[in-house]
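Undergrad:
Numbering (the working numbering), first residue to last: 369 to 626.
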């Protein structure tokens with residue numbers, strides 16, 4: 369089990385112990401041990417070894433601590449693509465386009481062509497997107513992906529390309545680890561219209577965000593920035609139609625482009 373927080377909580381509950389009792393048993397303060405369970409702190413290697421000894425878990429806590437420590441570093445050190453690949457949960461919002469991890473090759477090319485990019489740059493970017501999809505949603509053990517998009521995206525694009533893209537979106541929405549939801553036009557003005565963003569949750573519980581602009585992508589790791597992105601996500605989630613109604617809306621758009 370890679371989630372250190374859940375592991376420690378489960379082991380302590382099984383022994384019917386308080387955080388204070390566990391802390392006392394391994395000679396650390398109650399607040400320090402509470403930090404391990406909340407995810408604010410990661411046990412040092414020697415402390416993780418003590419916890420394994422106390423709970424009788426072999427090296428399970430040590431391995432989970434190593435993973436949590438690596439994830440904490442990854443937020444700052446790994447490029448976005450690596451964080452995306454290692455995520456167990458991806459939440460992506462796009463007000464005007466189909467989310468990148470759910471795009472078909474034809475749709476990606478159409479979007480990039482609209483940016484008047486050279487053919488070589490388009491081919492390179494499309495290949496990069498295919499590689500990202502292979503490393504996330506198309507791998508054998510994909511992360512949970514929730515993609516929310518604005519209704520505008522269902523009606524913008526060359527008809528033949530858009531029809532194929534929407535059919536792919538419907539198909540993807542039936543995958544057991546993919547949710548596709550649509551914010552209807554009737555939602556009016558909302559914070560999500562400020563721009564697209566992604567929130568990734570890593571195996572150890574660390575979170576990292578990503579924002580796209582006309583010039584470049586920006587990785588967000590500051591706690592206050594992440595809090596604002598979480599708030600924006602809560603708002604667009606509240607405005608989005610449920611999965612089944614969203615799928616019906618997409619199917620209707622497919623028929624319109626038929």
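Virtual Cβ for every residue (Gly too), placed ideally from N, Cα, C.
Here the structure is a predicted model, which is why all the values come from computation and not from measurement.
(1) Once you ignore the five residues that flank residue 393 on each side, which residues in its own chain have a CB closer than 7 Å to its CB?
(2) Write down the C-beta distance between residue 451 and residue 546 rounded to the nearest angstrom, noting that I regard them as a contact closer than 8 Å.
(3) Assign residue 550 to one of three DSSP states: helix, strand, or coil.
(4) Can you look up residue 503 in the DSSP assignment and give me helix, strand or coil?
(5) Alpha carbon to alpha carbon, how far is residue 543 from residue 507?
(6) How close, in whole Å, do the beta carbons of residue 549 and residue 609 come, if the pair is a contact with beta carbons under 8 Å?
(7) Where do the ends of the alpha helix (DSSP H) carrying residue 586 lie?
(8) Which term fits residue 582, buried or exposed, when burial requires 16 or more other beta carbons within 10 angstroms of its beta carbon?
(9) Which word fits residue 624, buried or exposed, when buried means at least 16 other C-beta atoms lie within 10 angstroms of its C-beta?
(10) Any contact of the stretch 458 to 472 with the stretch 495 to 514, i.e. 3+ C-beta pairs under 8 Å?
(11) Residue 518 to residue 462, Cα distance in whole Å?
(12) Among the residues of its own chain, which have a CB less than 8 Å from the CB of residue 480, if the five just before and after it don't count?
(13) Under 8 Å Cβ to Cβ from residue 604, same chain only, skipping five residues before and after it: list those, please.
(14) Between the C-alpha atoms of residue 439 and residue 598, what's the straight-line distance to the nearest angstrom?
(15) What residues are listed by DSSP as bridge partners for residue 579?
(16) Alpha carbon to alpha carbon, how far is residue 594 from residue 537? Give it in angstroms, no decimals.
(17) Give me the Cα-Cα distance between residue 379 and residue 427, rounded to the nearest whole angstrom.
(18) From the DSSP output, read off the bridge partner residues of residue 455.
(19) For the beta strand (DSSP E) holding residue 514, just list the boundary residues, first then last.
(20) Can you list, in chain order, the residues of its chain with a C-beta nearer than 7 Å to that of residue 449? Leave out the 5 residues immediately preceding and following it.
(21) From the DSSP output, in three-state form, read off residue 398 for me.
(22) Would DSSP call residue 616 helix, strand or coil?
TA: In short:
(1) 422
(2) In fact, because the Cβ distance is near 19 Å, the residues do not count as touching under 8 Å.
(3) strand
(4) helix
(5) 12 Å
(6) 6 Å
(7) Premise fails: residue 586 lies in the beta strand (DSSP E), 585 to 588, not in any alpha helix (DSSP H).
(8) exposed
(9) exposed
(10) yes
(11) 7 Å
(12) 489, 490, 493 and 494
(13) 461, 516, 551, 558, 559 and 560
(14) 19 Å
(15) 565 and 586
(16) 28 Å
(17) Looking at the two C-alpha atoms, the distance is approximately 14 Å.
(18) DSSP output for residue 455 lists 570 as bridge partner(s).
(19) 512 to 518
(20) 500
(21) Helix.
(22) helix
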